[in-house]
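K.L.:
Just passing along the structure, written as structure tokens.
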Amino acid sequence: MTTTTLRRPAPGGRPKGRAAKLALAASDAADVRAYDTNPDVIAYRIERMRAWVDRLIWSGMILGLAFTAVNVQQFAAAGAATYSLAWWSAWLLDPLVSLILIGALIGEQIISRHQIKAGPWVRALKWVALSATYAMNTWSAWESLDAAKILLHSVPPGMVFCAAEAVTDLRHLITEAVHAAYRAAAAPPADLAGVAEAEAPVPESRTGVARTDDVRSQVTDSTEETAEARTGIAAAPAVDAAPPAVSREQIVAELRTEILRAADRGERWAPNYTALEARTGRRRSWCEKAVRDARTALIHTEDNTAPVPHEARMDATDGAAPVDAGTDSTTPPATVADSRTDPPRTAIAA
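In the UniProt record's numbering, the protein residues as written are 1 to 350.
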């Protein structure tokens, strides 16, 4: 399968040719699709739609409750004189029921954003408030058995009742849509998952499988011969990357000799770890330990009877405290050695 790479034209320049225009349009479409499928963008759009849904439903519910307020006031006044105390008190009945209903709906809206179901008392409160509003609003129409009045006064409280029940389910589904967008973004595509499973290496069981060492070597040799016959160029001989193994004692002895030679020349010896690593094929830590052993061997030599030059002693100690110059090299070991149980060692004179 051939993949075509689309190149965006240089910034500030107009695309030239149809192919450049199509490439620019395809790049813009890819950017738009990337934002359209981004879960954060999807959540933002869903939240904007949630706000519009809440505004529309709440506006309709408030208008419906305001419409029922007049009928409820007439039902509560019961023929009282206009502007009398009973007439004014009748106006308080519908707001009393409506405000309690609105408070319950707002609380249910808050918990429904987290997909939490309200308790039975919340549902009972809504049903009682809506049923009371419907009964007081349609009482006079049912008394006269006028179908038109019954329908007229039943529509507003009925719509408020249905909206109060439906708005909870809508909020749950809107929140679930946001979660579904994030789950879809986190899950790999189905086709790519199938390709990954198909291309995944299958571990080969070692039980009951014959060894194929000889076959592998034959295949390697035939491959090299085929390449040589095809190109006419002989394959380069294999180069051993690893240097020959050296013993630690040999390296320590060589380092000790180098320190002594530098001291004879009056020079200060410093280890070249790069060359030492290349010569031994070891790591830096191994070389540092070898240098330390070489320096220690110059100071603590069991059978060394000849005095060591001052330069070698300074190189070996590498900044350690020097031995007192007043100590004679012919001093018996018992006068130099400390009270420890180690065997006596010859002191190093300056």
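Beta carbons: idealized from backbone N, C-alpha and C, even for Gly.
Take S154 and list the residues in its own chain whose beta-carbon comes closer than 6 Å to its own, dropping the five residues that flank it on each side.
P.N.:
T138.
K.L.:
Find the nearest neighbour of Q74 within the set A141, R33, S112, S98, judged by alpha-carbon distance.
P.N.:
Nearest option by C-alpha distance: A141.
K.L.:
What would DSSP say about G326, mapped onto helix, strand or coil?
P.N.:
Only weak support exists for where G326 lies, its pLDDT of 40 falling under 50; the value from the coordinates is given anyway. Coil.
K.L.:
Could you tell me the boundaries of the alpha helix (DSSP H) in which H179 lies?
P.N.:
Element bounds for H179: 147–186.
K.L.:
Identify the continuous alpha helix (DSSP H) that holds S247 and give its terminal residues.
P.N.:
Neither: S247 is in no alpha helix (DSSP H) and is coded neither H nor E.
K.L.:
I need the DSSP call for E267, collapsed to helix, strand or coil.
P.N.:
Reduced to three states, the DSSP call for E267 is coil.
K.L.:
Mind checking T68: buried by the 16 CB within 10 Å criterion, or exposed?
P.N.:
Classification of T68: buried, given that the 10 Å Cβ count is 16 or more.
K.L.:
Measure the CB-CB distance between A262 and W269 and report whether it falls below 8 Å.
P.N.:
Going by C-beta atoms, A262 is nearer than 8 Å to W269.
K.L.:
Please list, in chain order, all residues of the same chain as L93 whose beta carbon is under 6 Å from its beta carbon, the five residues on each side excluded.
P.N.:
Hits under 6 Å: V72, A76.
K.L.:
Enumerate in chain order the residues of its own chain whose CB-to-CB distance from A294 is below 7 Å, with the five nearest sequence positions on each side excluded.
P.N.:
Cβ neighbours of A294 beyond the five flanking positions: V252, L255, R256, I259.
K.L.:
How about V160 and L65: do their beta carbons lie closer than 8 Å?
P.N.:
Result yes, Cβ atoms of V160 and L65 sit closer than 8 Å.
K.L.:
Under the assumption that P271 contacts V246 (Cβ atoms under 8 Å), give the Cβ distance between them as a whole number of angstroms.
P.N.:
Their Cβ separation, rounded to whole angstroms, is 16 Å, which puts P271 and V246 out of contact at 8 Å.
K.L.:
Assuming P157 and T133 form a contact by the criterion Cβ under 8 Å, report the distance between their Cβ atoms to the nearest whole angstrom.
P.N.:
Going by Cβ atoms, the distance from P157 to T133 rounds to 5 Å, so yes, they are a contact pair.
K.L.:
Please state whether DSSP places S205 in a helix, a strand or coil.
P.N.:
Reliability of the predicted coordinates at S205 is poor, the pLDDT of 48 falling under 50, and no value is obtained from them.
K.L.:
Out of curiosity, what's the CA-to-CA distance linking Y83 and V70?
P.N.:
Their Cα atoms are separated by approximately 15 Å.
K.L.:
Please classify A290: does DSSP put it in a helix, a strand, or coil?
P.N.:
A290 falls in the helix class under three-state DSSP.
K.L.:
Under a three-way DSSP split, which group does R18 fall into?
P.N.:
Three-state result, R18: helix.
K.L.:
Hey, which unbroken runs of the alpha helix (DSSP H) at 4 residues or more fall wholly within the region 68–115?
P.N.:
Counting whole runs of 4 or more residues, the region 68–115 contains the alpha helix (DSSP H) stretches 85–90, 93–112.
K.L.:
According to DSSP, is R313 part of a helix, a strand, or is it coil?
P.N.:
Low local confidence applies: a pLDDT of 49 at R313 is under 50, so the model's placement there is unreliable, and no value is given.
K.L.:
Can you tell me which of the three DSSP states G119 falls into?
P.N.:
Coil.
K.L.:
Would you report the Cα separation of A86 and E143, rounded to the nearest angstrom?
P.N.:
Roughly 22 Å separates the two Cα atoms.
K.L.:
Would you decide whether R206 is buried or exposed? Buried here means 16 or more other CB atoms lie within 10 Å of its CB.
P.N.:
Confidence at R206 is low in this model, with a pLDDT of 48, below 50, so the placement of that residue is unreliable and no value is reported for it.
K.L.:
Measure the C-alpha to C-alpha separation of P120 and K126 and round it to an integer number of angstroms.
P.N.:
Each residue's Cα considered, the two are about 10 Å apart.
K.L.:
For S112 and L24, what's the separation of their Cα atoms in angstroms?
P.N.:
One C-alpha to the other measures close to 44 Å.
K.L.:
Is DSSP giving N38 helix, strand or coil here?
P.N.:
Three-state result, N38: coil.
K.L.:
Can you tell me whether G60 is helix, strand or coil according to DSSP?
P.N.:
Helix, per DSSP.
K.L.:
Three or more beta-carbon pairs under 8 Å between the region 22–37 and the region 159–177, yes or no?
P.N.:
The region 22–37 vs the region 159–177: no contact.
K.L.:
Since V97 and A129 should fall inside the 8 Å C-beta cutoff, what is the C-beta to C-beta distance between them, to a whole number of angstroms?
P.N.:
Yes, V97 and A129 are in contact; Cβ-Cβ is about 5 Å, under 8 Å.
K.L.:
Between which two residues does the alpha helix (DSSP H) carrying residue 357 extend?
P.N.:
As shown, the chain starts at 1 and ends at 350. That puts residue 357 outside it, with no answer to give.
K.L.:
Looking at C-alpha atoms only, which residue of T280, A163, I116, A297 is the closest neighbour of S59?
P.N.:
That would be A163, whose Cα lies nearest to the Cα of S59.
K.L.:
What's the gap between the Cα of A278 and the Cα of E249?
P.N.:
Their backbone Cα atoms lie some 17 Å apart in a straight line.
K.L.:
Roughly how many angstroms separate the alpha carbons of R123 and L22, rounded to a whole number?
P.N.:
When rounded, the distance between both Cα atoms is 58 Å.
K.L.:
Between T280 and C287, how many whole angstroms is the CB-CB distance? I'm expecting something under 8 Å.
P.N.:
Rounded, the Cβ-Cβ distance is 7 Å, consistent with contact.
K.L.:
Quick one: grab the DSSP three-state call for N137.
P.N.:
Looking at N137 - three-state DSSP - the assignment turns out to be helix.
K.L.:
Rounded to whole angstroms, what is the Cα-Cα separation between I42 and I62?
P.N.:
Taking the straight line joining both Cα atoms gives about 30 Å.
K.L.:
Are the CB atoms of I46 and A177 nearer to each other than 8 Å?
P.N.:
Taking 8 Å as the Cβ cut-off, I46 and A177 qualify as a contacting pair.
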